[in-house]
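> Note that my numbering has the sequence shown beginning at 2, numbered continuously upward. The beta carbon of each residue, even a glycine, is placed where N, CA and C say it ideally should be. Computed from a predicted structure; not experimentally measured.
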Amino acid sequence: MIDEKYIEWMHLAIDGKLSRKDREKLDVYLQSNAEAREFFEQLLRTVEILDHTEEIVPPDDLKQRIMSSIDFSRYAAKEQKASFAERLTEWFYRPQAKLVYAFAAGLLLGLLALSPFWFKYAQPDVTDLSGTIGVLPDNRFRTIEEIPVQTSGLAGTIEIKKYQQFISVNIHIKTINTAQLTIEFDPGLLQWNRFIPQDAEAVNLKYKSNTLTFLLSSSTEMSLFFRQLQPDARLTLRLIGDGNLVVEKTLVIE
Numbered sequence: 002m003i004d005e006k007y008i009e010w011m012h013l014a015i016d017g018k019l020s021r022k023d024r025e026k027l028d029v030y031l032q033s034n035a036e037a038r039e040f041f042e043q044l045l046r047t048v049e050i051l052d053h054t055e056e057i058v059p060p061d062d063l064k065q066r067i068m069s070s071i072d073f074s075r076y077a078a079k080e081q082k083a084s085f086a087e088r089l090t091e092w093f094y095r096p097q098a099k100l101v102y103a104f105a106a107g108l109l110l111g112l113l114a115l116s117p118f119w120f121k122y123a124q125p126d127v128t129d130l131s132g133t134i135g136v137l138p139d140n141r142f143r144t145i146e147e148i149p150v151q152t153s154g155l156a157g158t159i160e161i162k163k164y165q166q167f168i169s170v171n172i173h174i175k176t177i178n179t180a181q182l183t184i185e186f187d188p189g190l191l192q193w194n195r196f197i198p199q200d201a202e203a204v205n206l207k208y209k210s211n212t213l214t215f216l217l218s219s220s221t222e223m224s225l226f227f228r229q230l231q232p233d234a235r236l237t238l239r240l241i242g243d244g245n246l247v248v249e250k251t252l253v254i255e
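#1: Quick check on the DSSP output: the alpha helix (DSSP H) that includes V58 runs from which residue to which?
#2: Leaving out five residues on either side along the sequence, give the residues of the same chain with a beta carbon under 6 Å from the beta carbon of P149.
#3: Three or more C-beta pairs under 8 Å: does that hold for the region 26-35 against the region 46-60?
#4: Based on the DSSP secondary-structure assignment, which residues constitute the bridge partners of A106?
#5: If we ignore side chains and look at the alpha-carbon of each, how far apart do N140 and T179 end up?
#6: On a CA-only basis, which of N205, T212, S210 and R228 is nearest S218? Give me that one, please.
#7: Assign Q199 to one of two classes, buried (16 or more other C-beta atoms within 10 Å of its C-beta) or exposed (fewer than that).
#8: When we look at the beta-carbon of Q192 and count the other beta-carbons within 10 Å, is it buried (16 or more) or exposed?
#9: Would you call the region 244-254 and the region 207-216 touching, i.e. three or more CB-CB distances under 8 Å?
#10: So, for P188: in the same chain, excluding its five sequence neighbours on each side, which residues have a beta-carbon less than 7 Å away from its beta-carbon?
#11: What is the residue span of the beta strand (DSSP E) that K175 lies within?
#12: What three-state label does DSSP hand T237 in the structure shown?
#13: Taking Cβ positions, are N171 and E160 nearer each other than 8 Å?
#14: H173 to S224, Cα distance in whole Å?
#15: What separation, rounded to the nearest whole angstrom, lies between the Cα atoms of F41 and L63?
#16: So is I254 buried or exposed if we call it buried at 16+ other beta carbons inside 10 Å?
#17: Using only alpha-carbon positions, find the residue among L230, G154 and T221 that is nearest to N245.
#18: Return the residue from the list T144, L240 and E222 that minimises the CA-CA distance to T183.
#19: Could you name the residues of the same chain whose beta carbon sits closer than 7 Å to that of K163, not counting the 5 residues immediately before and after it, in chain order?
#20: Do you know offhand how far L31's Cα is from M11's?
#21: Going along the chain, which residues of its own chain have a beta-carbon closer than 7 Å to the beta-carbon of D233, five neighbours each way excluded?
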C-alpha cells in the first residue's frame, strides 16, 4: 500500500515542484517500497508517452455533429390524449389554473368597480345637454345668425342659436346632388357634444379634432350641439354644392 502523501510527492516531483528535502525523503521511500517504486515508474512512462503524442485539435463543428447524432425522439415523452373529463378536472384543480383564474376574476371585478369613474371622465360631459337642451323648448334659444342657402341645386337655411353656454347649429337643406358641409371650431373654446338627425335621408359624418364634415343628400334636417368653454369662440361653416363654394361664414360667439 502506498501512502497518499508520497503519491502527491510523486506528482509534484514529475512537475518539478517538489522541494529538494522532500525529494530526498521520496527517494528513500521508493527504495524501501517496491509497490511505490513501480507506481512511480508507470507515472514516468505515461508522461514520456504523452510528451511524444501529437496534439489533436477538435474540429469546430464537433459539438454540432454530436448533437445531430443524438436521436431525441427516443427520449421525448410520448403524447397521450386525455379524455374530456380528465382535461376538465385538470383545468379546475391544477394549482396554477386556480391562481390564474382567481387573479383574472379579481382583476375583472376591480375593473367593473372602477368603470363608472373611468366612464365619467372618459366621456364628454353631456349632463346639461341631456338634462337641459333635451327638454328646453326652442324659444329659450336666441338666434345668433341665420344663413339662407339658395342656389340652383341647394335650398334651405342654417341657423346658429345660443342659450347660456350652449350653442345649436340647425341645418335645413334640400339638395339635388350631394353637398358637403364643413364646420371648424377650436376644441379648447367649443366642445362638440352631439348631433341629432331629425329628418335626414343620408348623412355621412367625418369627425376630426377640430372639424366636422357632413356629406348631405336629398333632404337634411339635423341639429348639432356645442358647449362654449371660453368667450369669443369662433365657428366657421363652409357649404359646397356641385363643386362650388356656396356658403363660407365665420362667427365669433361671445
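According to the data block:
#1: DSSP places V58 in no alpha helix (DSSP H); its state is neither H nor E.
#2: Same-chain partners within the cutoff: T158.
#3: They do not touch, by the three-pair rule.
#4: Looking at the DSSP output, A106 bridges to nothing.
#5: Their backbone Cα atoms lie some 32 Å apart in a straight line.
#6: It is N205.
#7: Exposed, because fewer than 16 other Cβ atoms sit within 10 Å of the Cβ of Q199.
#8: Q192 should be labelled buried.
#9: The answer is no - the region 207-216 does not touch the region 244-254, with fewer than three Cβ pairs under 8 Å.
#10: Cβ neighbours of P188 beyond the five flanking positions: S210 and N211.
#11: First-last of the beta strand (DSSP E) with K175: F167 to F186.
#12: Residue state, collapsed to three classes: strand.
#13: Yes; because the gap between Cβ atoms is below 8 Å, this pair is in contact.
#14: So the alpha carbons of these two residues sit roughly 9 Å apart.
#15: As the crow flies, the alpha-carbon of F41 is around 36 Å from that of L63.
#16: Its Cβ being crowded by 16 or more others within 10 Å, I254 is buried.
#17: The shortest Cα separation from N245 among L230, G154 and T221 belongs to G154.
#18: Its Cα nearest to that of T183, the residue L240 stands out among T144, L240 and E222.
#19: The residues are F142, R143, I145 and I254.
#20: Cα to Cα, the separation comes out at about 10 Å.
#21: For D233, where only same-chain residues beyond five positions count, the Cβ hits under 7 Å are V253 and E255.
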